[in-house]
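Top line first, the protein sequences correspond to chains A and B.
Quick note, the first sequence lines up with residues 2 to 179 if you use this note's numbering.
Quick note, the second sequence lines up with residues 2 to 179 if you use this note's numbering.
For reference, the structure is listed below as structure tokens.
Number of protein chains: 2
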Amino acid sequence: MSEPSTDRVHRTDAGAVPGRDPEAVSRFVERFASQLADAGMQRMPARVFVALLSSDTGVMTSAELGEQLRISPAAVSGAVRYLSQQHLVSREREPGSRRDRYRVHSGQWYEAVTNRDAVLRGWEDALREGVQQLGADTPAGRRLAETLAFFEFLQDEINQMMERWRVRRKELFGDDKD
Amino acid sequence: MSEPSTDRVHRTDAGAVPGRDPEAVSRFVERFASQLADAGMQRMPARVFVALLSSDTGVMTSAELGEQLRISPAAVSGAVRYLSQQHLVSREREPGSRRDRYRVHSGQWYEAVTNRDAVLRGWEDALREGVQQLGADTPAGRRLAETLAFFEFLQDEINQMMERWRVRRKELFGDDKD
DNA sequence: CCTTAACTTCACAAATTTGTGAAAGTACCG
DNA sequence: CGGTACTTTCACAAATTTGTGAAGTTAAGG
């Protein structure tokens, strides 16, 4: 990295789009991330995720994320680890270089919403045991059983719904990969 | 509390359900509440909510909640305030007495799931502004627009789904009030 | 191999959240 | 009107969470 000619020291221009106001981008990132945080997502992962979402390429390096969000490499590392586990970003090792790159696919976002699946399953397990412990023939047992039935219904519906979305998405946006 | 005849001091057997083990109830409450907490719900509200869910009547006083969960009146107060705001429990002022009673309807539970509605709407607002700021004709703008479209789709689907559940519920459980 | 760029882990300090006791507020009842 | 039985609010201590700097690890490139 010793080529002053292809000066990449100031990468403020990062985007291919000229008229973009970095201030505006930042405002959006902070606002939306904050709302995701209110809904239960940790703050750093939320900020990193939204920063990626609102980048033109959908790909950023660790350094770029750190610079834009003003956070340490450690914070970036923690955030992307979490996001990978949730399948919200994928990590790519850039072949000719030492840096990792992180990418959002448009698709991963709602896949993740679907992946509440595992959580739901856990709730259902707990409820099933609760019904048994409390007695299926008691008022409390019946109440739990109904809740359980609701979640089972929900899980099924969500699957069908995502199928419909895939169709709809093609209609609206075509089937570009990303 | 001075009527030995209608002895309600030991309510272990309360009359209706003989075989109930308070230990088992407590285990269920703690387990399920803990899972709700993992999913983003605050711990005290989760515990209070599940305690109500797994009571036979679906109604408990502040004192009963405090005793069963071993928490202070202040903690109960905070938890039920939160739960009321989320429409997860309703509060009733018992006419002949000074204590409040808190009640779960089976129905409120999934109504609450639906009430993510407001959250979704907030996300959509943020995204709309984001699309505008970043430019609808940029790659980033298009990515945000797709996310927005997904949420709009989702909102519509959820409404239809809840309608279907209401029907299904009647099939399964009849249309009892609670 | 050795150097060096990048990522990760770890211990810790700062900030935030949580639950409590105590005081203050409400409203039923005599 | 009190008196009393609850409930709520408030200040604070304890516990948890969060982000950092610094040391440790891995792997590209000479």
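Where is the CB? At the ideal position from N, CA and C, for every residue including glycine.
If you're wondering where the values come from, they're calculated on a predicted model, not measured in any experiment.
Classification of residue i by the beta-carbon crowding that lies within 10 angstroms, buried from 16 upward
| i | result |
| --- | --- |
| Glu68 of chain B | exposed |
| Ala75 of chain B | exposed |
| Ala141 of chain A | buried |
| Ser55 of chain B | buried |
| Ser85 of chain B | exposed |
| Thr115 of chain B | exposed |
| Ser107 of chain B | buried |
| Glu147 of chain B | buried |
| Arg122 of chain A | exposed |
| Arg143 of chain A | buried |
| Arg165 of chain B | exposed |
| Val10 of chain A | Summary for Val10 of chain A: the model assigns pLDDT 38, below 50, so the residue's position carries little reliability; its value from the coordinates is reported in the next sentence. By the neighbour-count rule (16 or more Cβ atoms within 10 Å), Val10 of chain A is not buried but exposed. |
Chain B contact for residue i (CB, 8 Å cutoff)
| i | result |
| --- | --- |
| Glu125 of chain A | no |
| Met162 of chain A | yes |
| Thr115 of chain A | no |
| Ala150 of chain A | yes |
Amino acids of chain A, ordered along the chain, whose beta-carbon sits closer than 7 Å to that of residue i
| i | result |
| --- | --- |
| Arg144 of chain B | Leu54, Gly59, Ser107 |
| Val120 of chain B | Ala40 |
Contact under 8 Å by Cβ, residue i with residue j
| i | j | result |
| --- | --- | --- |
| Asp118 of chain B | Thr139 of chain A | no |
| Arg28 of chain B | Gly136 of chain A | no |
| Arg104 of chain A | Glu95 of chain A | no |
| Arg44 of chain A | Ala38 of chain A | yes |
| Ala40 of chain B | Val120 of chain A | yes |
| Glu125 of chain B | Leu149 of chain B | yes |
| Gln36 of chain B | Ala113 of chain A | no |
Chain-ordered chain A contacts of residue i [CB-CB under 9 Å]
| i | result |
| --- | --- |
| Val26 of chain B | Gly131, Gln134, Leu135, Ala141 |
Cutoff 8 Å: residue i Cβ touching any chain A Cβ
| i | result |
| --- | --- |
| Phe174 of chain B | yes |
| Arg32 of chain B | yes |
| Arg9 of chain B | No answer about Arg9 of chain B holds up, because its pLDDT of 38 lies below 50 and its placement is not dependable. |
| Leu128 of chain B | yes |
| Glu158 of chain B | yes |
| Arg169 of chain B | yes |
| Thr13 of chain B | Residue placement at Thr13 of chain B is flagged as unreliable, the pLDDT there being 42, under the threshold of 50; a coordinate-derived value is accordingly withheld. |
Within chain B, the residues that residue i reaches when beta carbons sit closer than 7 Å
| i | result |
| --- | --- |
| Glu147 of chain A | Ser107, Phe174 |
| Gln36 of chain A | Gly123, Trp124, Ala127 |
| Phe207 of chain A | There is simply no residue 207 of chain A to check, as chain A begins at 2 and stops at 179 in what is shown. |
Chain-ordered chain B contacts of residue i [CB-CB under 8 Å]
| i | result |
| --- | --- |
| Arg21 of chain A | Leu135, Gly136, Thr139 |
| Phe29 of chain A | Ala127, Glu130, Gly131, Gln134, Leu135 |
* Quick one: any contact between the stretch 88-95 of chain A and the stretch 131-147 of chain A, if contact means 3 or more CB pairs under 8 Å? -> no
* Asked: Would you call the stretch 46-65 of chain A and the stretch 159-171 of chain B touching, i.e. three or more CB-CB distances under 8 Å?
  -> no
* Does the stretch 33-52 of chain A come within contact of the stretch 76-86 of chain A, defined as at least 3 CB pairs closer than 8 Å? -> yes
* Asked: Per the contact definition of three or more C-beta pairs closer than 8 Å, is the stretch 169-177 of chain B in contact with the stretch 143-154 of chain A?
  -> yes
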